[in-house]
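Chemist: Position one of the sequence shown corresponds to residue 365 (this note's numbering), numbered consecutively onward. C-beta: ideal position from N, C-alpha, C; glycine also. Encoded as C-alpha cells, here's the structure I'll be asking about.
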Amino acid sequence: MNPLIPGRAPYALISDDDIIIRMFAREALEQAGWVVEEAQNGIEACEIFQKCPPDVVLLDVMMPGMDGFATCAALRRLPGGEHTPILIMTGLDDFESITKAYDAGA
C-alpha cells in the first residue's frame with residue numbers, strides 16, 4: 365500500500381521500447397504490490413502521466429522519437445511532475461550521459 369494514501373497500492377509507470385525489460389520490471393513491481401502502467405516511448409509516457417500521475421517513473425534512455433532525457437524533462441514540466449521520483453535505466457555510463465540525466469531532472 366502507498367503510505368501516503370492509505371488503502372491505495374503504489375503506482376509505477378515504466379517507459380521502455382524493449383518489451384522484455386518492461387515485462388521483467390512489471391513482474392518485479394507487481395510482486396511487491398505495485399500497480400504498473402507501461403509506455404513504449406516517451407510520448408506515450410507523457411500521455412499516461414497526464415491522465416494519472418504515478419508514484420514513480422522508470423525511464424529507458426534509448427527510446428525512439430523522444431529519448432529518456434527529453435521525456436524526463438517533459439514529465440518534470442507536467443502538473444505533479446516536479447516531485448515525482450524519476451529513475452533513468454540505461455547501460456550508458458559515461459559522465460556526459462549521467463550529467464544529462466541529472467540535468468533533465470532524474
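1. Which partner residues of Leu-451 appear in the DSSP bridge assignment?
2. Enumerated in chain order, which unbroken segments of the alpha helix (DSSP H) with a length of 4 residues or greater are wholly contained in the stretch 380-433?
3. Decide if Thr-463 is buried, meaning its Cβ has at least 16 other Cβ atoms within 10 Å, or exposed.
4. DSSP beta-bridge partners for Ile-378?
5. On the CB-based measure, 16 or more other CB atoms within 10 Å of its CB, does Pro-418 come out buried or exposed?
Modeler: According to the structure shown:
1. DSSP, once it has assigned bridges, lists Leu-422 as partnering Leu-451.
2. 383-395 and 406-415
3. Exposed, by the Cβ-count rule.
4. Glu-402 and Leu-422
5. buried
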